[in-house]
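S.K.: Dropping a structure here in structure tokens format, bear with me for questions.
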Amino acid sequence: KSPSDTMLFVFDRENYFETKHAKLSLPARVLYDNIYFNYKVEEPIENSISDVHHFQDLYTPLQSYATFSLELDSIYHPIKSKVVLVSLNDKNKVLSSEGGTFKDGFISTRSKSFGPYCLMVDTIGPKIKPVNIYAGKNMNTENKISIKISDDLSGIKSYNGYINDNWELFELDKKTGIMWFNFTANYNNSLEHKLRISITDERGNNSEFTTTFVR
């Protein structure tokens, strides 16, 4: 028997749930089995611009992607490109940004996880921290330049490194956030060089770091 505050979702057909402020769409066979779907709303958490919407729970698995949508208050429509849909853990702490696009007053995204979601605004650029370089450093004993990059919410979208205004191939370890450039013979002339790092996050916020070095 279904509890009074739930609705039956059948695994082998499309399921849809909608309130004034939230929507959920599950294609057929995204669920592993039939479930009684639960939904509840809690007050906003710190830095959120919406209530916290609990879609089922974190422990009900999905085989593939479902579409989650939350209404964006009209006062935020002018900065809709900076808004992200954020997944939370069972203590309402941020797990990750799920991105999202704006349409018909809602921010929507595809995710493979039930659980709590809310909306947040990302207007802060990524962080850039030099690891083995500083202004004017002699890099003759180094075989590469290392820079640590990170973003607190929407995540890194692109990263670029320039030496003497020429683009150079920097590689990135996504687990550690370390990007690096292996020196080539072009930088064995004991001259001063200019380094510029440009990082953009998923909401278009950009940060840059510049310095000089000798090699």
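So in my numbering, the last spot in the sequence shown is 221, and the numbers never skip. The beta carbon of each residue, even a glycine, is placed where N, CA and C say it ideally should be.
#1: Would you tell me roughly how many angstroms separate the C-alpha atoms of Leu94 and Phe120, rounded to the nearest one?
#2: My assumption, with CB atoms under 8 Å, is that Phe112 sits in contact with Leu78. Please give the rounded CB distance.
#3: Helix, strand or coil for Tyr82, going by three-state DSSP, please let me know.
#4: Using the three-state DSSP reduction, which class does Ser196 fall into: helix, strand or coil?
#5: I need the boundaries of the beta strand (DSSP E) containing Phe61, first residue and last residue.
#6: In the DSSP assignment, the beta strand (DSSP E) including Ile184 goes from what residue to what residue?
#7: What would DSSP say about Ala141, mapped onto helix, strand or coil?
#8: Can you grab the Cα-Cα spacing for the pair Tyr65 / Glu52, in whole Å?
#9: On a Cα-Cα basis, can you pick out the residue from Leu125, Gln69, Lys109 and Lys46 that is closest to Leu37?
#10: Which residues bound the beta strand (DSSP E) around Asn4?
#11: Put Ala191 into one of helix, strand or coil per three-state DSSP.
#12: Counting Cβ pairs, one atom from each stretch, are 3 or more of them under 8 Å apart for the segment 140-154 and the segment 80-93?
#13: What does the alpha-carbon distance come out to for the pair Phe17 and Asp110?
#14: What residue from Trp173, Lys97 and Ala72 has the CA that sits closest to Pro50's CA?
#15: Check Lys26 in the structure and name its three-state DSSP category.
#16: Assign Met13 to buried or exposed, taking buried as 16 or more other Cβ atoms, counted over all protein chains shown, within 10 Å of its Cβ.
#17: To the nearest angstrom, how far is it from the Cα of Leu175 to the Cα of Tyr165?
#18: For Ser8 and Phe43, I'd like the C-alpha separation in whole angstroms.
M.R.: The structure says:
#1: Each residue's alpha carbon lies about 10 Å from the other.
#2: With a Cβ gap of about 7 Å, Phe112 and Leu78 count as contacting.
#3: Look at Tyr82 here: in three-state DSSP terms it is helix.
#4: Reduced to three states, the DSSP call for Ser196 is coil.
#5: Val58 to Phe61
#6: Ile184 to Asn188
#7: coil
#8: Distance between the alpha carbons of Tyr65 and Glu52: 24 Å.
#9: Gln69
#10: Any answer about residue 4 is impossible in this case: the structure gives the chain only from 7 up to 221.
#11: helix
#12: no
#13: The alpha-carbon atoms of Phe17 and Asp110 are separated by roughly 28 Å.
#14: Lys97
#15: The answer is coil: DSSP assigns Lys26 none of H, G, I, E or B.
#16: exposed
#17: Computed Cα separation, rounded: 10 Å.
#18: In this predicted model, Ser8 has a pLDDT of only 46, less than 50, meaning its place in the structure is not dependable; the value taken from the coordinates is given anyway. Rounded to the nearest angstrom, the two C-alpha atoms are 10 Å apart.
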